[in-house]
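Student:
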Amino acid sequence: MARVINFNAGPAALPLGALERAQKELLDIEGSGMSVMEHSHRGKVYEAVHNEAIALVKELMNVSDDYDILLLQGGASQQFAVVPMNLLAQGKSSDYVMTGAWSQKAYKEAKVLGTARVAGTTEKDKKFSRIPKQSELELDPNAAYVHITSNNTIFGTQFQEFPDTGTVPLIADMSSDIAWRPIDVSKFGLIYAGAQKNLGPSGLVVVIVRKDLVEAGRKDIPVIFQYRTHVENNSLYNTPPTFSVYMLRNVLSEVKANGGLSAMEKLNREKAGLLYEAIDARSDVFACPVDKDSRSFMNVVFTLKTPELETEFLAEAKKLKMEGLKGHRSVGGMRASIYNAVPREGVATLADLIKKFKA
Ligand SMILES: *Cc1c(COP(=O)(O)O)cnc(C)c1O
């Protein structure tokens, strides 16, 4: 089998076991004589998959009964708009912490719908190469919510500690670092994540939302965009992306079988450690533009001294079957996305290449 070492930023690597299970079940799931894609979303077979996927999110992330878990469509980008549609009540203001391109897009949607303030930014001083400290945030105590991007997929920065927002609900776009480690969900009012980085294929966005926020949500918006609609219908109001939900189930079953989120954290810390150590050790050629205490455990961003060296490095990586190392088109350089499903051995191969490259 010719599987490559996949460092794609999203859609990204999936656990081999999750793919193999899909292969095995593709033509006939649970002896039903059909693929999961051919089942009615109201039938027993799909319903079991759907509920298992939700139960796995709840169990692995230790989500309390105070929250609802929704499986929706439109990606994280749609949630940029749906969050303020539901939660930015008339006359209220919302706070956005700006740490990169995704926060900017989220903020833009909130401004279309109502009042949004920048409560902190690291754009001006260092081109988003760090996460602002709590002391740098100017939080409005009366805000409807505070929005953060927990991991900045493009810039390679990540909140190591979440801001304290007091009684104001904290909302996080966790698209690129959900489930990388255990977190205290009770610190958040709402968490959303496009599935295609750490949870499964594209076409699906997971939303974890506190029940009181669902209840308090606005009713003067289209029914399809109200969180309560999807809560009341167990995310089956409209036809869900059944195969994506099925793959979410497969991916999370793998995560559970491999020890859950504590095991993921240990593995992810090791993987990121290998890369950052190699980059720092080879400062003659390589550099990481991110402040040490803001470095992401999911997207390791680095540069080489010249464009020629970068081209050469990519060619060497390609020979070793590595894919997806080119940085985002807006920032250039290199980026290794090392989500849960990227095996340690693949990351070790990259670290090795960095250590030996032109040494
Ligand atoms: C990928 C990504 C998005 C966009 O997700 P879509 O599902 O394409 O809308 C948003 N936020 C972050 C942090 C991301 O990494």
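Quick note, the sequence shown lines up with residues 4 to 362 if you use the working numbering. Beta carbons are placed, not taken as given, at the ideal position from N, Cα and C, and that holds for glycine.
#1: If you measure from each residue's Cβ to the nearest non-hydrogen atom of ligand 1, which ones come out under 7 Å, in chain order?
#2: Which of the three DSSP states is assigned to aspartate 98 in this structure?
#3: Taking the alpha helix (DSSP H) that isoleucine 57 falls in, what are its first and last residues?
#4: Nearest to glycine 94 by CA position, among Leu116, Val86 and Gly78, is which residue?
#5: Mapping the DSSP letters down to three states, classify glutamine 76 as helix, strand or coil.
#6: Per the DSSP calculation, tyrosine 195 is bridged to which residue(s)?
#7: What is the C-beta distance between glycine 103 and threonine 152, in whole angstroms, given that I count them as a contact (C-beta under 8 Å)?
#8: Are the beta-carbon atoms of methionine 64 and valine 254 separated by less than 9 Å?
#9: Which residue wins for smallest C-alpha separation from arginine 213, given the options Trp105, Thr242, Arg231 and Glu112?
#10: So, under 8 Å CB-CB, serine 340 and glycine 349 are touching, yes? Tell me the CB distance rounded to an integer number of Å.
#11: Let me check one thing: in DSSP terms, what residues is isoleucine 8 bridge-paired to?
#12: Write down every uninterrupted run of the beta strand (DSSP E) in the segment 247-322 whose length is 3 residues or greater and which is fully enclosed by it, in chain order.
#13: Go ahead and label threonine 125 buried or exposed: buried means 16 or more other beta carbons lie within 10 angstroms of its beta carbon, across all protein chains shown.
#14: Can you tell me which of the three DSSP states serine 71 falls into?
#15: Is it buried or exposed, alanine 16, if we count other Cβ atoms within 10 angstroms and call 16 or more buried?
Tutor: Looking at the atomic coordinates:
#1: Gly13, Gly78, Ala79, Ser80, Gln81, Trp105, Thr152, Asn154, Asn155, Thr156, Asp176, Ser178, Ser179, Gly197, Gln199, Lys200, Ser205 and Val208
#2: Along the sequence shown, one-based indexing puts residue 98 at 95. The answer is strand: DSSP assigns aspartate 98 an E or B state.
#3: Counting from 1 along the sequence shown, the entry for residue 57 is found at position 54. From DSSP, the alpha helix (DSSP H) with isoleucine 57 extends over 47-63.
#4: For the purposes of this step, residue 94 is identified with residue 91 of the sequence shown, where counting begins at 1. Here the closest residue by C-alpha is Leu116.
#5: For the purposes of this step, residue 76 is taken as residue 73 along the sequence shown, with counting starting at 1. Note: glutamine 76 maps to coil in three-state DSSP.
#6: Mapped onto the sequence shown, residue 195 falls at position 192. Bridge partners of tyrosine 195: Asp176 and Val210.
#7: By one-based count along the sequence shown, residue 103 stands at place 100. By one-based count along the sequence shown, residue 152 stands at place 149. Going by Cβ atoms, the distance from glycine 103 to threonine 152 rounds to 6 Å, so yes, they are a contact pair.
#8: Along the sequence shown, one-based indexing puts residue 64 at 61. Along the sequence shown, one-based indexing puts residue 254 at 251. Taking 9 Å as the Cβ cut-off, methionine 64 and valine 254 do not qualify as a contacting pair.
#9: By 1-based counting over the sequence shown, the position of residue 213 is 210. Closest option to arginine 213, Cα to Cα, is Arg231.
#10: What you label residue 340 is simply residue 337 of the sequence shown in a count that begins at 1. What you label residue 349 is simply residue 346 of the sequence shown in a count that begins at 1. Actually they do not touch by this definition, with Cβ atoms about 11 Å apart.
#11: Stepping through the sequence shown from its first residue, residue 8 is reached at position 5. Answer by DSSP bridge pairing, in chain order: Met325.
#12: 302-307
#13: Here residue 125 refers to the residue found at position 122 when the sequence shown is read from its first residue. Label assigned to threonine 125: buried.
#14: Stepping through the sequence shown from its first residue, residue 71 is reached at position 68. A small fix is needed here, since residue 71 is aspartate in this sequence, not serine. DSSP places aspartate 71 in strand when its eight states are reduced to three.
#15: Numbered from 1 along the sequence shown, position 13 holds the residue referred to as residue 16. Buried, by the Cβ-count rule.
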